[in-house]
Every structure is written in structure tokens, then in C-alpha cells.
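Residue numbers (this note's numbering): 6 to 454.
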């Protein structure tokens, strides 16, 4: 460190600024503690002196080379690290990482990757994930968990953007009633049920959302007759089927209780011959045959634009027909005890009683979602997400449509005599008939807060 020492020579003030400056070593007597001292001399007089710790030239070179080597190694490693490169012990080399994008309902759920909890919560973009298979788990207190092994590739983003966790709350009783003829509206969760009043059987619609009951029909029901209630998929019409010596089907408007005309849709007709049924469209005096379908007792069902659905009520079968006709107008022929269109979409969820399928009318694809050994007693879509639900005699479960690794199956309800159910339009509540504990009736189960 420099040390300024003013000269005491009386002639120092006369030293010109252009004087020659030289550097010389001080006498041996001036050394202190083995330090080397240098001075700036003007006309032989010491003017500026400094102390310098001694360091050999070889030592300085070694330090310089060490720092240079460290820089040459660290600089490219820093650049590679910033660019997302990591060393993979499984691959034995440096690889470029990928990204995991995870979002869930509800938000704020914890994320575990390779059994390690990361700091972020959903929704989250997890960067610098090594390529390969990674077990991912999403969980939150009070909710079911979601687990799936996802494949991550270099310089690519793997998405898990439709993770649904369901509340684990117990169902609550909304209406206690014996389980005779019951059916839950697939749109709004209101429930139609039969109640005996003297010689009459009354059909009521109970709406648990506003705690109201509406009488829609009163029938004289003999002991040998059986009664079945069912809703149309759009939830506007209730079908009351009375089977005795004859079969009588009454369609009732759910809002008013008035009878509904059961005729075919405008311009469409069915004509039966010896070996087939012709589906035709009439436009004025002209008639166009759209398709020929197998013999059966058909009625037109609800369907999105561009598709006609025929339900064979005697054989539990559905036939989808291209509304424009064409060379191959039959889109699907399948056994279906239950079926339901995706709200606002062109995917049909259906089951033959043991297999659960999704048919996509846009892609003309039919996918098996699950296969069970226990009879399926009801099905439904979870709105706005890639999940469907199905009822078994003793449980109601949800299953995701994402087929990567495995489909997550969540048991939502356990009970007995379970069948008809519905999910509200926001996906927050499940309504179902059944027996929970020792109580039978209409229950509600919260799915989301």
C-alpha cells in the first residue's frame, strides 16, 4: 500500500516538475521486518516511498494460471447451466433438460417430482427437468391425490394441465325417500321420484338447489305394473314408463309438468321393411333416404349438429348416423344400456353394462376407457374437463381420459343401491340416489369448494 512521506530537504520546494524520476532500492539498514522498500527519488532525495510484500515471479504465474483455468472451466459450465444443460447420471453425459407444466383444480396444490416436493404450487412451470420418466404427484389437504409417471424430453414441454382433485367430504342427505322409481336430472341435479299416495302413484321432482318439490304426474298403479323414470340427456323432459299388460310411455316437461309430443323431429322419419329400417329426411314433397339401419324399435335421441342418434329401446342399442347421409352414413352401432353426450361437445359416453367407451364424432374414434367386472348402473360427464364418472351398485367413481401411464380412478362415494346420479354444471356437487349407512334417499356430495 503506498505510503506518502514528505521530504525534509530544505531545497525540495525548488525541485522542478520536469525532473527525472528514478526508482532505487533503499539501503539495507532501512529494511524492516524483512520488507522491501522502494522510493521515488528527485535529485537524489526520497520523495515517495512504498512498501511491497515480496512475491516470487513463479508464484504469481501459478496463481494467474489457476485463475485462468478456473475461468475457462467455469465460464462454459455457467453458460450451459443457464441454457438448461445438466449432467445425467443415468445417461452418463450432459443433456439438455425439459419442462413440466402442471395445473390443477383446485389451485395451490403441492407438487412432488421423483418423490421430492418442489417449492412451487399449481399452476406451475417446472424447468430443468432431466429427460426420462418421472413420477409426478399432486396433492392437497382434504382432497384426493393424483399420480402419474410422465415422460420428459429435451427441449420440450410436457403438460399435465387437467389435474382434478376431489374433496373427500362425506355426502349429505338432501331428501329421505324409499328407493322405488328414481332418476336424477343429468343437467341440474334435480331428482324425479315416485311416491305412493293411496291408490295413486305420484311423480315428484325435487330440486335440492332451492329445496323445492313439484308434482308432475299422478298415475293409477296396479300391483303388477312396474314404473321406470328416466331423463332425456338435455334434462328438459322426463320419461315415465309404465309397464303392465301394455307399455305406456309419457313424456313430461320438467319445468311445467305438461305432456310433451313424442313425435319424430321435424323432417325426419323411420320406415320399417322386412330386413331393415330406413332413416329418411323429407323436404317438402321430396324425400331423401339417409341410411339403412338394422331392424329394431327406434326413437330419435338427443344429438349434436350433424349427427342423428337412434336408440333401440328393446335391444339397448344406439346407432349414430351422419345427418348428411353419404356413402358410409353409419358412424357407430353399439350396445348401450346408458349413454350421454358431452355437454356442448361431440363426444358420446356410453356403456354396455361393463365396458365404458367414449366415441368422438369429430374424429370418428371409439376408445375404451375402462372395463369392469361389476355392472355399471349410471354414467356422466364431469363438466369442462377430461373426466367421466360411473356408478356401480356400491360406489361412484371418477376416471380421467388422459391415458398416459395409467388413468387415475377416484372413489367418490361408497354405499348401496347406487345408480342414477348427476353433476352440476360447475362441477362442484354430485347428486345421487342410494343408501348411505342405513339411510336411503337423495344425497349431495361436494366435489369442489
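Ideal placement from N, C-alpha and C gives every residue a C-beta, glycine not left out.
Keep in mind the model is a prediction, meaning the values are calculated, not measured.
Taking 7 Å as the threshold (C-beta atoms), are residue j and residue i in contact?
i: residue 324; j: residue 282; result: no
i: residue 429; j: residue 194; result: yes
i: residue 4; j: residue 424; result: Here the chain covers residues 6 to 454 and nothing more, so residue 4 does not appear.
i: residue 455; j: residue 192; result: Because the chain spans 6 through 454 in this model, residue 455 falls outside it and cannot be assessed.
i: residue 140; j: residue 154; result: yes
i: residue 106; j: residue 162; result: yes
i: residue 159; j: residue 97; result: no
To the nearest whole angstrom, what separates the beta carbons of residue i and residue j, a pair I think is in contact under 8 Å?
i: residue 436; j: residue 213; result: 6 Å
i: residue 404; j: residue 414; result: 5 Å
i: residue 126; j: residue 115; result: 6 Å
What is the DSSP secondary structure of residue i, counted as helix, strand or coil?
i: residue 137; result: strand
i: residue 66; result: helix
i: residue 427; result: strand
i: residue 127; result: coil
i: residue 37; result: For residue 37, the predicted structure reports a pLDDT of 44, less than 50, and the residue's modelled location is therefore unreliable. A value from the coordinates is still provided. Coil at residue 37, not helix or strand.
i: residue 74; result: helix
i: residue 334; result: coil
i: residue 368; result: coil
i: residue 308; result: coil
i: residue 80; result: helix
i: residue 19; result: Here residue 19 scores only 49 on pLDDT, less than 50, and its place in the model is too uncertain to base an answer on.
With distances taken Cα to Cα, identify the nearest neighbour of residue i among the options.
i: residue 199; options: 191, 218, 193, 192; result: 218
i: residue 416; options: 131, 344, 220, 172; result: 172
i: residue 439; options: 431, 454, 400, 410; result: 400
i: residue 305; options: 444, 322, 289; result: 322
i: residue 408; options: 441, 120, 422, 374; result: 374
i: residue 368; options: 348, 361, 337, 387; result: 337
i: residue 276; options: 300, 257, 270; result: 300
i: residue 443; options: 78, 422, 452, 393; result: 422
i: residue 289; options: 272, 452, 310; result: 272
i: residue 340; options: 315, 233, 187, 349; result: 315
Skipping 5 residues on each side, what residues in its chain have a beta carbon closer than 7 Å to that of residue i?
i: residue 302; result: 317, 318, 319
i: residue 274; result: 285, 287
i: residue 183; result: 445
i: residue 156; result: 138, 163
Excluding the 5 residues preceding and the 5 following residue i in the sequence, name in chain order all residues of the same chain whose CB lies nearer than 8 Å to its CB.
i: residue 380; result: 358, 359, 397, 398
i: residue 148; result: 111, 114, 170, 171, 172, 173
Skipping 5 residues on each side, what residues in its chain have a beta carbon closer than 6 Å to that of residue i?
i: residue 412; result: 404, 405
i: residue 196; result: 189, 211, 447
i: residue 255; result: 245
i: residue 294; result: 283, 285
i: residue 224; result: 206
i: residue 144; result: 115, 150
i: residue 343; result: 356, 384
i: residue 410; result: 153, 154
i: residue 36; result: Its pLDDT being 42, under 50, residue 36 is placed unreliably by the model, and the measurement read from it follows with that caveat. So the list is empty, once near-sequence residues are dropped.
Taking 6 Å as the line, does the beta carbon of residue i fall inside it for any heavy atom of the ligand SAH?
i: residue 310; result: This structure lacks the ligand SAH, and indeed carries no ligand of any kind.
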